[in-house]
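Residue numbers (the numbering used here): 2 to 293.
Below you can see the structure in the form of structure tokens.
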């Protein structure tokens, strides 16, 4: 033992020498190929570049190893997104190559509702049939479909958030269940968040602040048309719900306005975070590529 202790002390006192740094050639030889994935967003204005959650999601919630391409467009339904050729562009993007896996998030419902000529689809038959066709074609293209239930609107009556898109959310969930497709239930989460905030606070999610009259009405718990305060022409009948729905998601050039559907930066950030949370649960293999 009397010889062992000095030996241990000598070993501990012996300096260690750092390895020589790699040469440039050695460092280059150690570079490994990356594995990257891609997400493609397909849908309407509530996902699109202006007015939707998509921009915040792509900018703030994916790592550099997860490319994010937003192909959602305002005023589109499961019918006219395909009819106009937007779906062909999405399919080409799925097949572009270079990525280990490609995921396609599909969110429709707003413009599939009645009262929008050239866009509306039948809820019982055409809407689910269109979703099923999208799912089948995504899979045939070698990509992975993920269905997203529609984002809630923010209209209130007597303090209760209106459930006008509930049937389209249900239909989306049913297709997801029948076809074994991951589903991001944005409708349920967004309904819960907006209901908890109440009508007045939820106005902050819009692109622009509400008018004084609209803000005052929201304080009572019942929202009024966003254009309130603008005088109507004499003897003009009140708009039908279908006409209101069509005005909420117009076709053509995007414009900033206050309404109960589209999102400004604050709303986009809130709902993009929800999409990220739900996507990480629905598709666990994406968790390391998502930023909460």
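Don't be surprised by glycine CBs; every beta carbon is placed ideally from N, CA and C.
C-alpha distance - residue i paired with residue j, whole-angstrom precision
| i | j | result |
| --- | --- | --- |
| residue 135 | residue 267 | 31 Å |
| residue 289 | residue 280 | 12 Å |
| residue 227 | residue 293 | 33 Å |
| residue 170 | residue 132 | 12 Å |
| residue 53 | residue 265 | 8 Å |
| residue 76 | residue 138 | 22 Å |
| residue 212 | residue 219 | 11 Å |
| residue 209 | residue 261 | 11 Å |
| residue 287 | residue 207 | 30 Å |
| residue 178 | residue 22 | 55 Å |
| residue 45 | residue 214 | 29 Å |
| residue 283 | residue 166 | 22 Å |
| residue 259 | residue 61 | 24 Å |
| residue 29 | residue 71 | 35 Å |
| residue 59 | residue 277 | 10 Å |
8 Å Cβ cutoff met for residue i and residue j
| i | j | result |
| --- | --- | --- |
| residue 168 | residue 111 | no |
| residue 73 | residue 49 | yes |
| residue 149 | residue 124 | no |
| residue 79 | residue 122 | yes |
| residue 95 | residue 160 | no |
| residue 105 | residue 184 | no |
| residue 66 | residue 38 | yes |
| residue 129 | residue 172 | yes |
Three-state class that DSSP yields for residue i in the structure shown
| i | result |
| --- | --- |
| residue 292 | coil |
| residue 272 | helix |
| residue 90 | helix |
| residue 162 | strand |
| residue 267 | helix |
| residue 117 | coil |
| residue 28 | helix |
| residue 128 | helix |
| residue 81 | helix |
| residue 68 | strand |
| residue 220 | helix |
Closer than 8 Å to chain B by CB, residue i
| i | result |
| --- | --- |
| residue 284 | Looking at the structure shown, chain B is missing, and only one protein chain is on hand. |
- Item | Sufficient close CB pairs (3 or more, under 8 Å) joining the region 72 to 91 to the region 271 to 279 | no
- Query: If you scan the region 37 to 61 from start to end, which runs of the alpha helix (DSSP H) of 4 or more residues do you find wholly inside it?
  - Reply: 55 to 61
- Please go through the region 166 to 192 and give each complete alpha helix (DSSP H) segment of 4 or more residues, from N-terminal end onward. Runs found: 167 to 179.
- Three CB pairs or more closer than 8 Å across the region 155 to 162 and the region 101 to 116: Cβ pair count under 8 Å is below three, so no.
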